[in-house]
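Take a look at the structure set out below.
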Amino acid sequence: TAMTESEAAGVDVVAPAPTSTTRAADDATPTSVRVAIVLYENPLDEMWRCLRSLVRSVERTGEDLRLAPNVVTIAIGDCSGGPMIKDVDLAALREMAGDRASIDYTWFGRNLGHSAGCNALAKDAPEDALLFLNPDCYVSPRMLGRLLAALRDPLVAAVDARQIPCEHPKWFDPVTGEQSWASGACL
28 TAMTESEAAG VDVVAPAPTS TTRAADDATP TSVRVAIVLY ENPLDEMWRC LRSLVRSVER
88 TGEDLRLAPN VVTIAIGDCS GGPMIKDVDL AALREMAGDR ASIDYTWFGR NLGHSAGCNA
148 LAKDAPEDAL LFLNPDCYVS PRMLGRLLAA LRDPLVAAVD ARQIPCEHPK WFDPVTGEQS
208 WASGACL
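Numbering (this note's numbering), first residue to last: 28 to 214.
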């Protein structure tokens, strides 16, 4: 059973609940997003860097009312040998995110592996869109808006972000962005 540090200590924790997930006027643009991040022995400063850049991208997306999600939930799952994020750190991360995003943290109590960790974080997600993000990513301020905009196309099932400076050695159309596969580092 997955436990947070507080639960392991016998303290009840109430995670912030997402607010209403109303549909966009065009009924195609996702209005709520869950960001799933799986940790395994990652340094805390790496997590801070990732989340600061992600919150900047959420803020930037909020400037465009056509794309602005009304709910952003950052779900962090920890497969490490012990909780990597202590209660005081989680409180600081939530304060940094402010009202732009809620942050949920789960220590799984064992190493599920990346794929099973992602599946656990995605299970029963009520949000319209799901973003799998590696904790060592540094997100562009425009990334979230660009990914959400691409999902407006009814022919698009999934989108992934470019990885700079080390792009995956896969073919993609530089004009349309079409490609044959996605890496999963930011999908």
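Ideal Cβ placement from N, Cα and C applies to all residues, glycine included.
The residues P96, V98, V99, T100, E154, D155, A156, L157, L158, L171 and L175, in chain order, have a CB closer than 8 Å to that of V60 in the same chain once the five nearest residues on each side in sequence are set aside. In summary, D151 is exposed, with fewer than 16 beta-carbon neighbours lying within 10 Å of its beta-carbon over all protein chains present. Here DSSP, grouped into helix, strand and coil, assigns S129 to strand.
When C-alpha distances from A63 are compared across C77, L94 and D91, the shortest belongs to C77. Taking C-alpha positions only, P168 is separated from P201 by approximately 20 Å.
The three-state secondary structure of D72, taken from DSSP, is helix. When C-alpha distances from A118 are compared across F135, D131, A185 and D180, the shortest belongs to D131. Counted as a single uninterrupted DSSP element, the alpha helix (DSSP H) harbouring L120 occupies residues D114 to A124.
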